[in-house]
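Q: This is the structure I want to talk about, given as structure tokens.
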Amino acid sequence: MNRCPWLRKLPKQNKYICRIYYNRPDDCKHYPVDIEQMVKDDCEMLEAHDLRRPKQAQITLDRLMSDSRPPVKR
Ligand code: SF4
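Anchor point for the sequence shown: position 46 equals 46 in this note's numbering, and the numbering is continuous, going up by one each time.
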């Protein structure tokens with residue numbers, strides 16, 4: 001499978017939505033778990049300063065994801 005079947009491109013926009021966002025699986029709710037995973041997946045949300053300061057980037061990621069998952073245990 002190349003693309004999740006729940007992913008939909010919005011018409012006339014370069015944006016995508018999850019059609020089951022509020023009922024998405026836990027794996028989706030928890031992704032991305034850590035900066036290492038984002039690097040491995042070549043995530044376009046990573047910025048140069050995240051790579052220079054991965055511990056701070058993880059703290060920021062945990063804060064951004066706080067409504068979806070608990071923070072990563074280090
Ligand atoms: S969040 Fe999960 S279910 Fe939704 S589009 Fe992405 S991969 Fe699919």
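Even for Gly, the Cβ is constructed at its ideal location relative to N, Cα and C.
What does the alpha-carbon distance come out to for the pair Val72 and Tyr22?
A: Looking at the two C-alpha atoms, the distance is approximately 22 Å.
Q: Can you list the residues near the ligand SF4, meaning Cβ strictly closer than 6 Å to any non-hydrogen atom, in the order they appear in the chain?
A: Qualifying residues come out as Cys4, Trp6, Leu7, Cys18, Ile20, Arg24, Cys28.
Q: Assign Cys28 to one of three DSSP states: helix, strand, or coil.
A: Helix, per DSSP.
Q: How would you call Met45, buried or exposed, if buried means at least 16 neighbouring beta carbons within 10 angstroms?
A: exposed
Q: So, helix, strand or coil for Ile17, using DSSP?
A: strand
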